[in-house]
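Under my numbering, think of the first position of the sequence shown as 17, with each following residue one higher.
Report on the structure given below.
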Amino acid sequence: MVEKVGRYEILEELGQGGFAVVHRGRDTILDRPVALKELKPVLLGDAEWVQRFHREAKTIARLDHPRIVPIYDIYELEQRLFIVMRLVEGSSLEELIASKKQLAWSEAFEIFSGIADGLAYAHAQNILHRDLKPANILIDAKQGAMLSDFGLAKLTSESSMSLSASGTIVGTPHYIAPEIWEGKKNTVQSDIYALGCILYEALTGEKIFKGDTPPAVMMAHFTPLSLPQTWPDNVPSGITEVLAQALARNPDDRYRSATEFAAALAVLPVDHAATGHLLVATPAAIEAPPEPITTGAPTESIELEPQPSLPAAAPADSILTNEAQAAQSPENSKLTPTPLPEVVTAPGPMSPPDKVTPSRQMTIEPSGEQPPAVRRPRVG
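Structure (structure tokens):
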């Protein structure tokens, strides 16, 4: 029997995460398929989670771009709270990487050009994503790559506030920039760092920063960057320099915007015989990038003791080029700490910090709500 909540039919569960369940549904008035992201009933009595859920809806509602999954409604009835969104027919980039292991350069370029376009648009609206990862990039069968799950997004106008009373570092450990682990603010460059991690993963089938536990993954972000000496067939050799800049330890050394990152990818020489077609920059990828936008203090992750000064980033030309190792870290985690003091980075050669020790036992919490099945309709 089909369950019905107000105007919406709930047809089947597509997946669930730490705080929400995603359903395939139908709007009975407009007669169209929808995705229903429902806050778990156990959290309805938690004012912070309800506020966060409403914030996600309002954030997405501000964004009107073909590369961002749109919201239709926020709906509350019978002690149930839903965000109603477009149902994306396709799979996530996470599933695509799992099935193909390594994406061809032409396919990866097409996906990342579109996502960079959508991300640049969000940044221009003063919105940072803060949880970029393959599971949050959906591949629509008709429209191509789309950016989803702005549940951890933050407005630049909130720079002095946080939804969490304890203070947090937000995101999924594999994609969190070093400055965020140090307790500093999220910026456009923090999103660009995550995008660089994702691009590496798409091209190699491996995560660039690995570890058996979230603290181990955190430490990996402070080790010297290791990029392959050789890349899969038809991946331009210049990708090493592009990724080195996107993943620079110092955020000031990264690309100033997502459009600048995309433009650097667009001009890389490509083996046309291997790819079968010429890849060129789109107008969106070559327009002047906006100035960096900063956000407020972090709002979600590990509790750490005050840290000693960490070494500054090594220059791009000193990046080590060794084969990247396979990642072994847990998926879809989000860690929750107290506010961290800012760490002043001292000049010197790049090396891991002497000691990074959690002050208390970490609380691990899933950060994404993407349905797991391949070739099933997806939702943002």
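All C-beta atoms in this analysis are idealised placements derived from N, C-alpha and C, irrespective of residue type, glycine included.
Since the model is a prediction, treat every value here as computed from it, not as a measurement.
Residue interval of the alpha helix (DSSP H) (run including residue i)
i	result
V50	That residue, V50, is in no alpha helix (DSSP H); its beta strand (DSSP E) goes 48 to 55.
G160	No alpha helix (DSSP H) contains G160, which is instead part of the beta strand (DSSP E) from 160 to 163.
D156	No alpha helix (DSSP H) contains D156, which is instead part of the beta strand (DSSP E) from 153 to 156.
I224	From DSSP, I224 is part of no alpha helix (DSSP H); its letter is neither H nor E.
S129	121 to 140
S206	204 to 220
T467	It is not possible to answer for residue 467, since the shown part of the chain is limited to 17 through 396.
CB of residue i within 8 Å of CB of residue j, strictly
i	j	result
V100	L154	no
A236	K226	yes
G106	D156	yes
R78	Q141	yes
A136	A274	yes
S122	A151	no
A161	R68	no
L211	A260	no
E54	F125	no
Residue closest to residue i, alpha-carbon to alpha-carbon, out of the options
i	options	result
E28	K20, P194, W197	K20
D147	L55, A157, Q205, G61	Q205
R40	I90, G34, L55, Y24	Y24
S242	C213, K201, P231	C213
I113	G221, P231, R265	G221
T229	T188, N266, P267, W247	T188
R270	T246, I208, A280, R96	I208
A120	D249, S108, L259	D249
A282	L60, F128, R78, A77	F128
E408	S122, K149, I255	Nothing in the structure corresponds to residue 408, since the chain is present only between 17 and 396.
D238	I255, L215, I192	Position check: residue 238 holds Phe in this sequence, whereas Asp was assumed. Checked all of I255, L215, I192; the closest Cα to F238 is I192.
K201	N266, W247, S115, H190	N266
Y216	P231, I255, G199, V66	I255
D102	S115, V38, R96	Note that residue 102 is Arg in the sequence shown here, rather than Asp. Looking at the Cα atoms, V38 is the closest of the given residues.
E72	I224, G31, V58, I87	I87
L52	L30, L59, V58, H190	L30
R272	G61, H139, H190	H139
Extent of the continuous beta strand (DSSP E) run through residue i
i	result
L38	It is worth fixing the name first, because residue 38 is Val in this sequence and not Leu. 36 to 43 is the span of the beta strand (DSSP E), which, as asked, contains V38.
D147	Run containing D147: none; DSSP gives neither H nor E here.
S273	Per DSSP, S273 belongs to no beta strand (DSSP E) and is neither H nor E.
R71	Run containing R71: none in the beta strand (DSSP E); it sits in the alpha helix (DSSP H), 63 to 77.
I84	First-last for I84: undefined, no H or E at that position.
G106	103 to 108
Local Cβ density within 10 Å of residue i, reported as buried at 16 or more and exposed below that
i	result
F35	buried
E64	exposed
G130	buried
G134	buried
G33	buried
R42	buried
E321	Any reading at E321 must be qualified, since the residue scores a pLDDT of 38, below 50, and its modelled position is unreliable; no value is offered.
E15	What is shown of the chain runs 17 to 396, which leaves residue 15 out entirely.
P252	buried
I76	buried
V18	exposed
I196	buried
I45	exposed
T203	buried
Residues sharing a beta bridge with residue i, DSSP
i	result
K20	E25
G199	None, per the DSSP bridge assignment.
E92	L97
Q32	V37
Residue i CB to nearest heavy atom of the ligand FMN below 7 Å
i	result
N202	You won't find the ligand FMN in this model; it holds no ligand whatsoever.
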